[in-house]
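What follows is one structure encoded as structure tokens, with my remarks underneath.
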DNA sequence: TTTAATTAAGACAAAATGGTCTGATTTAAG
DNA sequence: CTTAAATCAGACCATTTTGTCTTAATTAAA
Ligand code: FES
Ligand code: FES
């Protein structure tokens with residue numbers, strides 16, 4: 017699998033927020049946990065990271081929960097992934113060398129940089145808005161991992 | 017990182033075999049372990065898997081070691097990876113759903129299947145021969161992880 | 001036939017990842 | 001002010017991955 021569980025849980029949680037009707041304010045983590053079948057306390061920790069990174073806002077207490085920090089059009093998928101997996105997640109060498117380096121390439125370097133560029137472009141273009149839109153209008157799946 | 021350590025160690029070990037002069041027969045695992053800085057016993061276990069899968073041949077005893085089971089032109093990178101990571105490693109859903117399914121796609125499905133196809137094509141085309149060739153003629157790196 | 005060099009096997013340990021639990025803190029509302 | 005509902009904090013546990021160690025089996029060559 018390409019992404020860690022933490023990252024997948026994070027992505028699916030923000031997607032869940034993205035498909036909520038705009039009038040909804042704070043969504044309890046318990047609800048997300050139940051609807052997406054993600055362990056509650058685990059999810060809480062993951063979402064705290066997203067809050068620290070400024071992707072979501074959280075509010076304690078009754079009527080509390082979490083909420084997207086920006087409009088879905090400004091929430092980028094690549095950025096969310098990198099905030100969980102690490103900044104240079106998409107820049108590594110496919111053969112695992114410490115740095116993917118034009119000046120010291122591995123045997124798959126040329127081919128891999130081309131594909132990496134496409135992946136980065138793809139994820140860099142995708143915002144929560146487009147994903148949430150597709151989920152809502154085409155009924156794409158969000159449940160079951 | 018995309019591939020597990022086990023997979024990276026396996027790939028680098030067979031690459032090491034691939035760049036050996038053709039007259040060399042069995043190469044001791046200890047040599048590979050030292051040259052590539054891979055833990056010996058760990059590497060032994062990984063290579064046993066490759067031997068069981070028919071990619072390499074091993075011989076015990078003095079003057080023993082391992083050897084590619086076929087000409088480098090017949091050893092495919094994708095197959096080696098799949099033998100370590102699992103057959104369906106390159107067919108999963110990017111959002112971690114249980115199956116990447118045209119009939120029940122996720123919000124990134126269309127874009128991801130396109131990129132997956134490129135990755136599979138790329139790795140399916142690459143044989144040990146081409147990689148070993150590049151390493152030898154262009155001095156590409158094989159050391160340091 | 002002995003010895004040295006090698007892989008094979010499997011128990012074990014360490015580290016990373018994934019997950020659980022309890023209690024403290026905060027907040028809205030009765 | 002009290003209570004209920006929520007996040008926050010951190011210790012803890014479980015599983016998977018990675019790595020270590022010891023011993024057995026095998027083989028070529030002295
Ligand atoms: S150095 Fe390996 S992919 Fe660039
Ligand atoms: S269903 Fe998610 S990538 Fe195909």
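Chains as they are written, first to last, in this note's numbering: chain A, 17 to 161; chain B, 17 to 161. Even for Gly, the Cβ is constructed at its ideal location relative to N, Cα and C.
Are the beta-carbon atoms belonging to residue 136/B and residue 99/B less than 8 Å from one another? no
Sequence-distant residues of its chain with Cβ nearer than 7 Å to residue 62/B (five each side left out): 22, 25, 26
Determine whether the beta carbon atoms of residue 151/A and residue 158/A lie at a separation below 8 Å. yes
Would residue 142/B pass as an interface residue toward chain A - the criterion being a Cβ-Cβ separation below 8 Å? yes
Assess contact between the segment 37-53 of chain B and the segment 73-93 of chain B, defined as three or more Cβ pairs (one per stretch) separated by less than 8 Å. Is contact present? yes
Along chain A, which residues have their Cβ under 7 Å away from the Cβ of residue 122/B? 156, 157
Compare the C-beta of residue 111/A with all C-beta atoms of chain B and state if any pair is closer than 8 Å. yes
Which residues share a DSSP beta bridge with residue 83/A? 73/A
Tell me the DSSP bridge mates of residue 143/B? 92/B
Count the other C-beta atoms from every protein chain shown that fall within 10 angstroms of the C-beta of residue 153/A, then say buried if there are 16 or more, exposed otherwise. exposed
Which residues of chain A have a Cβ atom closer than 8 Å to the Cβ of residue 42/B, listed in chain order? Within 8 Å Cβ-Cβ: nothing; residue 42/B doesn't reach chain A, min ~23 Å.
Nearest neighbour of residue 51/B, chosen from 33/B, 94/B, 37/B [CA to CA]: 33/B
Can you check whether the CB of residue 46/A is closer than 8 Å to the CB of residue 58/A? no
With H, G and I counted as helix, E and B as strand and the rest as coil, what does DSSP make of residue 35/A? coil
Using a Cβ-Cβ cut-off of less than 9 Å, list which residues of the segment 64-83 of chain A approach chain B; keep chain order. none
Test: residue 19/A CB closer than 8 Å to a CB of chain B: yes
Cross-strand partners of residue 43/A (DSSP beta bridge): 82/A
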